[in-house]
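**Student:**
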Amino acid sequence: MKLLDVANLNAWYGPNQVLFDLNFQLNVGGITTILGANGAGKTTTLRAVCQAVQTTGSITFLDKRIDGKATEDIVRAGIAHVPDGRGTFTALTVEENLKLGAYTRKDRHEVQADLERMYSRFPRLKERFRQQAGTLSGGEQQMLAISRALMLRPRLLLLDEPSFGLAPLIVKEIFEIMRQINEEDQVSMLLVEQNASLALNLADHAYLLETGKVVLSGPSADIKADESIRRVYLGY
Amino acid sequence: MSAISKKIILAIAVLAAILLPFVLEDFRVFQLNLVLIYAIAILGLNILTGYGGQISLGHGAFFAVGAYTSAILISQVGMSTYLTIPIAAVVCLVMGVLMGFPALRLAGHYLALATFALAIATPQLLKYKGIEHWTGGVQGIILDKPTPPFGFTLFGNELSEDRWLYLVILAIALGLFWLAHNLLSGRVGRAIVAIRDQPTAAAALGINLTFVKTATFGLSAAYTGIAGALSALAVAYIAPDSFPAFLSISLLVGVVVGGLGSISGAIFGALFIQFVPNVADEISKSAPWAVYGGMLLALAYVAPDGVMGILKKIKNRRQAQ
Amino acid sequence: MDSFLLQVTAGLANGGIYAAVGLALVMIHQATHHINFAQGEMATFSTFIAWAMIQAGVPYWIAFVVTMVVSFVAGLLIQRIFLKPVEKAPILTNVIVFVGLLVIFNAFAGWIFEHTIKSFPSPFPVEGMFLPTYFSGHQIGSISVTLVVLLSVFCFFRFTPLGLAMRAAAFNPESARLVGIRVSWMLALGWGMAALIGAVAGMMIAPIVFLDPNMMAGILLYGFAAALLGGIDNPWGAVVGGVILGVLENILGAYVIGSDLKLTMALVLIVTILIFRPYGLFGKPIFSRV
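So, in structure tokens, the structure goes:
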């Protein structure tokens, strides 16, 4: 069973069509990355999976169709989205943000245990747990955003440009944490990134988007190895 | 439609408007006077809210000031009736500009709130005993309708006071609409809209925000003040309770019915606020305002862009075919 | 000195009611970024419902609670039915809807209950339970009731998961959806709570100013002023603002300008505050980047 199966996906912002007949699949346990230049439609693809934009075509998650459902229900099905710009509740505290991540869960004790685990994984969040989220640094907000998403205990984590606006050292740290999460907690990931080299090092599979269409796909090891593809499409 | 045929249609419409009072009885003419007056007031509000994007729920205050200015000058100072109208305009212009300054710092709901407060406080202010010997207090001021300067009969109806007033108001209305049209379709209008949509960019382009915004307020107030002055003449009686908060709300409703940012829509807005309460009364004797409220809701859901919005949609659909 | 203190205490009692109305307005604004111009009329209608029940022989506190519940449900339904369709529409369209609701409620109140002024009972003893020389029973009672309501609202938002979810939905509806919060229902809940608070305010003020369809118009204005004074997005600000306004109104009315111009005073206050502190005493400006 595929974790996520997207077929013939089209997406619109109002009257403007942005995605054209997209097809891609995710396997359980894997990390897949979507690459492409600005405006290629990467963020829109993640939004389409969450049904935050108008779409046609089928999106199947764990053998159930989720296209046409409300975002709130897709979240309950087990998909957590870390949007571009982090989406933190800046006026609320760190701990309130984390608790909100578990809003839909009914198991109070487990939620508390997960909270402790987040704090031990991200000691900096523990230090600032009473602080207003908006006062955190960029890197800390990114950690908070990822932790909040993980509080859902999702099967699938969508990440939109986690490296954006962060110093290289912090980015390295965050990507390492993402690898840990994938391996230890078995959380599958769909990662949208502009930084192709980082993404290809983390992911096992890659799709390349250009103006709303898939132009290239394959195991990231192959794409990394192919110099001509890298030069032409990825710029390095 | 070519420019010439548009002008011909306009000329025919104006001619019809001039002849109209002579085929209707006096009371209907009186109602039409009110429609024209409201149209001017609505146009004034539309300049501020539709073009300028500043929501005012207090334009009834300018209407009242214009009416009282005119009435006081006629009854207490003995000034010639027609002279009071431009004076009322100037008074309201100044008042509007002065109000434009605090309005600079307020946006959206805050401005709506402050102006709503003005609307609610206006009747109380007008009743204030301290200025009673000017305003006539709760009893208000009674005026005489201006007498027509000459007499003639057309279509079997003579030039009565109401019909003469109609012609005066029509002339003023046409002048004001023409002025608004010219101002708003030119540089001034573009500046006003630019400030509404992108104030930072507008300022960067050298538009003086303070000047334009306060001037817009002043112009809007002047228009509504003229309408108020004319209403004093048309009704020949004003009192504090003639200007309740509801008047300000009605003017805003008129703007929305006509269509935000539309000059010709003002007529439809005026027709709505003048006649719909009567229609509502026909539908339900006991709760006419409930019907009125229901129509407002219907307006918001079905025709948020007003009558002009609907007309535009029809025109676009025709063109697309 | 005595009469001064009496003005102050009366001001405190009234201030509590303005605070309650202001709080209702702030709540709806926090959740929806709209100001509910129909708040006063809804509260008046709720008070009429309570009056009708009491006339029919229902004991006061039962009528009180039932009115609270009915108002809550009504507020919720109003949001679902009338405001959801225009959620994404421009401000003016929403304003028209609010005005429409205002007019309808006022009309129905007048139609069903007529325009004769009615007296509304106070459940509290005539003599104040505390500092009887300065506070009447009703004043102490209404201050206490207002305090209980405000405290409950505070605790709800601060300490319950649902309250947290409502705050999140108000601050950032997009992100709130991403954690599974049903944002639309949060808005409806906010309306329900605001309607409930408004009903309580109405039932507390009615014994003082007597009940007629236009009872709340002036009070609504003071509620606005309280909300603005405190900063439109600050619930505590509304409370402080309401109290300040209540006391100021009475002091100025008694010693400076006379009661004729009370509404005007509110107007002058509102405009003055907004000139010097457009975001209220405690509000924070929201900077948006170009």
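Chains as they are written, first to last, in my numbering: chain A, 1 to 236; chain B, 1001 to 1321; chain C, 2001 to 2290.
Quick reminder that beta carbons are idealized off the backbone N, C-alpha and C, glycines included.
This one's a predicted model, so the numbers in the text were calculated from it and none came from an experiment.
So if I threshold CB-CB distances at 8 Å, which residues from the stretch 2140 to 2169 of chain C count as touching chain A?
**Tutor:** Look at the stretch 2140 to 2169 of chain C: the residues with a C-beta under 8 Å from a C-beta of chain A are Pro2161, Leu2164, Ala2165, Arg2167 and Ala2168.
**Student:** Which stretch, first to last residue, makes up the alpha helix (DSSP H) that contains Ser2144(C)?
**Tutor:** The residue you call residue 2144(C) lines up with position 144 of the third sequence. Note, Ser2144(C): alpha helix (DSSP H), Gly2137 to Phe2159.
**Student:** Look at the Cβ atom of Ala48(A), then the Cβ atom of Leu19(A), and state whether they are nearer than 8 Å.
**Tutor:** Taking the first sequence and counting its residues from 1, one reaches residue 48(A) at position 48. Taking the first sequence and counting its residues from 1, one reaches residue 19(A) at position 19. Closer than 8 Å, so yes.
**Student:** Which bits of chain B does Gly2283(C) rub up against, with CB to CB less than 7 Å?
**Tutor:** As a working note, residue 2283(C) is residue 283 in the third sequence. Neighbours of Gly2283(C) on chain B: none; closest Cβ ~10 Å, over 7 Å.
**Student:** Go ahead and pull the three-state DSSP assignment for Arg128(A).
**Tutor:** Walking along the first sequence from the start, residue 128(A) turns up at place 128. Residue state, collapsed to three classes: coil.
**Student:** Excluding the 5 residues flanking Ala1290(B) on each side, which residues of the same chain have their C-beta closer than 6 Å to its C-beta?
**Tutor:** Here residue 1290(B) corresponds to residue number 290 of the second sequence, with the count starting at 1. Here the set comprises nothing.
**Student:** What are the residues in the stretch 2071 to 2097 of chain C lying within 9 Å of chain B by C-beta distance?
**Tutor:** Phe2082, Pro2085, Val2086, Ala2089, Pro2090, Ile2091, Leu2092, Thr2093, Asn2094, Val2095, Ile2096 and Val2097
**Student:** Using a Cβ-Cβ distance cut-off of 8 Å, determine whether Arg1196(B) contacts chain C.
**Tutor:** Residue numbering aside, residue 1196(B) sits at position 196 when the second sequence is read from its first letter. Not an interface residue.
**Student:** Do we get a CB-CB distance below 8 Å when we pair Ala48(A) with the residues of chain C?
**Tutor:** Reading the first sequence from its first residue, position 48 is the one you call residue 48(A). Chain C, which has no Cβ nearer than 8 Å to the Cβ of Ala48(A), makes this no.
**Student:** For the stretch 74 to 127 of chain A, list the beta strand (DSSP E) runs that are entirely contained and at least 3 residues long, ordered along the chain.
**Tutor:** 79 to 82
**Student:** Given a threshold of 16 other Cβ atoms within 10 Å of its Cβ, counted over all protein chains shown, does Gly1052(B) qualify as buried or as exposed?
**Tutor:** Here residue 1052(B) refers to the residue found at position 52 when the second sequence is read from its first residue. In summary, Gly1052(B) is buried, with 16 or more beta-carbon neighbours lying within 10 Å of its beta-carbon over all protein chains present.
**Student:** Would you be able to state if there are at least three C-beta pairs under 8 Å between the stretch 2139 to 2148 of chain C and the stretch 2014 to 2026 of chain C?
**Tutor:** yes
**Student:** So who's on the other strand from Val192(A), going by DSSP bridges?
**Tutor:** Counted from its first residue, the first sequence places residue 192(A) at position 192. Val192(A) pairs with Ile34(A) and Asp160(A).
**Student:** Are there 16 or more other CB atoms within 10 angstroms of the CB of Gly1156(B), so buried, or fewer, so exposed?
**Tutor:** For the purposes of this step, residue 1156(B) is taken as the residue at position 156 of the second sequence. Label assigned to Gly1156(B): exposed.
**Student:** Rounded to whole angstroms, what is the Cα-Cα separation between Arg2167(C) and Pro2235(C)?
**Tutor:** Sequence index remark: in the third sequence, residue 2167(C) carries index 167 (1-based). Sequence index remark: in the third sequence, residue 2235(C) carries index 235 (1-based). In this structure, the CA atom of Arg2167(C) is about 12 Å from the CA atom of Pro2235(C).
**Student:** Taking only runs that begin and end inside the stretch 2195 to 2263 of chain C, name each unbroken alpha helix (DSSP H) of 4 or more residues, in chain order.
**Tutor:** 2216 to 2230 and 2235 to 2255
**Student:** So, helix, strand or coil for Asp5(A), using DSSP?
**Tutor:** To locate residue 5(A), count along the first sequence from 1; it is residue 5. Three-state result, Asp5(A): strand.
**Student:** Taking only the alpha-carbon atoms, compute the straight-line gap between Thr1084(B) and Ala1011(B) and give it to the nearest angstrom.
**Tutor:** Counting from 1 along the second sequence, the entry for residue 1084(B) is found at position 84. Counting from 1 along the second sequence, the entry for residue 1011(B) is found at position 11. Each residue's Cα considered, the two are about 29 Å apart.
**Student:** Under 7 Å Cβ-Cβ, which residues of chain C neighbour Val269(A)?
**Tutor:** A question about residue 269(A) goes unanswered here, because the residues of chain A that appear run from 1 up to 236.
**Student:** Ends of the alpha helix (DSSP H) at Pro1199(B)?
**Tutor:** Stepping through the second sequence from its first residue, residue 1199(B) is reached at position 199. That run of the alpha helix (DSSP H) goes Pro1199 to Ala1204.
**Student:** Just checking: is the beta-carbon of Phe89(A) within a distance shorter than 8 Å of some beta-carbon in chain C?
**Tutor:** Along the first sequence, read from residue 1 onward, the residue named residue 89(A) stands at position 89. Phe89(A) counts as touching chain C.
**Student:** Compare the Cα-Cα distances from Gly2100(C) to each of Asn1046(B), Gln1319(B), Arg1317(B) and Tyr1301(B) and report the closest residue.
**Tutor:** Here residue 2100(C) refers to the residue found at position 100 of the third sequence. Answer by Cα proximity: Tyr1301(B).
**Student:** Cβ of Gly2241(C) less than 8 Å from any chain B Cβ?
**Tutor:** The sequence position of residue 2241(C) within the third sequence is 241, counting from 1. Not one chain B Cβ lies under 8 Å of Gly2241(C).
**Student:** Taking only the alpha-carbon atoms, compute the straight-line gap between Asp226(A) and Arg1196(B) and give it to the nearest angstrom.
**Tutor:** Here residue 226(A) refers to the residue found at position 226 when the first sequence is read from its first residue. Here residue 1196(B) refers to the residue found at position 196 when the second sequence is read from its first residue. C-alpha separation (whole angstroms): 53 Å.
**Student:** Mark Val2290(C) as exposed unless 16 or more other C-beta atoms lie within 10 angstroms of its C-beta, in which case mark it buried.
**Tutor:** On the third sequence, residue 2290(C) is found 290 positions in, with the first residue counted as 1. Any reading at Val2290(C) needs caution, since the residue's pLDDT is 42, under 50, leaving its predicted position unreliable; the model's value is listed next. Counting C-beta atoms within 10 angstroms of its own C-beta, Val2290(C) has fewer than 16 neighbours from the protein chains shown and is therefore classed as exposed.
**Student:** When the distance is taken between beta carbons, is Met151(A) closer than 8 Å to Met178(A)?
**Tutor:** Locating residue 178(A) in the first sequence gives position 178, where the first residue counts as 1. Locating residue 151(A) in the first sequence gives position 151, where the first residue counts as 1. Result no, Cβ atoms of Met178(A) and Met151(A) do not sit closer than 8 Å.
**Student:** Tell me, which residues are paired with Ala13(A) by DSSP?
**Tutor:** For the purposes of this step, residue 13(A) is taken as the residue at position 13 of the first sequence. It should be noted that the sequence gives Tyr, not Ala, for residue 13(A). For Tyr13(A), which the question treats as bridged, DSSP gives the partners Asn16(A).
**Student:** Three-state secondary structure (DSSP) at Phe2113(C)?
**Tutor:** As a working mapping, residue 2113(C) is identified with position 113 in the third sequence. Of the three classes helix, strand and coil, the one that applies to Phe2113(C) here is helix, per DSSP.
**Student:** Within the same chain, show all residues whose beta-carbon is closer than 6 Å to that of Ile2273(C), passing over the 5 residues directly before and after it, in chain order.
**Tutor:** The sequence position of residue 2273(C) within the third sequence is 273, counting from 1. Around Ile2273(C): Leu2229.
**Student:** Mind pulling the chain B residues with CB within less than 7 Å of Val2271(C)?
**Tutor:** Counted from its first residue, the third sequence places residue 2271(C) at position 271. Pro1102 and Ala1114, listed in chain order.
**Student:** Give the interface partners of His81(A) over in chain C, defined as CB-CB distance under 8 Å, in chain order.
**Tutor:** Along the first sequence, one-based indexing puts residue 81(A) at 81. The answer, in chain order, is Leu2178.
**Student:** By Cβ distance, which residues of its chain are closer than 8 Å to Ile229(A), with the 5 residues on each side in sequence left out?
**Tutor:** Taking the first residue of the first sequence as 1, we reach residue 229(A) at position 229. Excluding sequence neighbours, Ile229(A) sits near Leu216 and Ile223.
**Student:** Please name the residues in the stretch 58 to 73 of chain A whose beta-carbon is closer than 7 Å to at least one beta-carbon of chain C, in chain order.
**Tutor:** Per Cβ criterion, the list reads Thr71 and Glu72.
**Student:** Can the beta-carbon of Ala1039(B) be found closer than 8 Å to that of Ala1222(B)?
**Tutor:** By one-based count along the second sequence, residue 1039(B) stands at place 39. By one-based count along the second sequence, residue 1222(B) stands at place 222. Taking 8 Å as the Cβ cut-off, Ala1039(B) and Ala1222(B) do not qualify as a contacting pair.
**Student:** What ranges does the alpha helix (DSSP H) occupy inside the stretch 1016 to 1051 of chain B, keeping only unbroken runs of at least 4 residues that lie completely in it?
**Tutor:** Complete alpha helix (DSSP H) runs here, min 4: 1026 to 1046.
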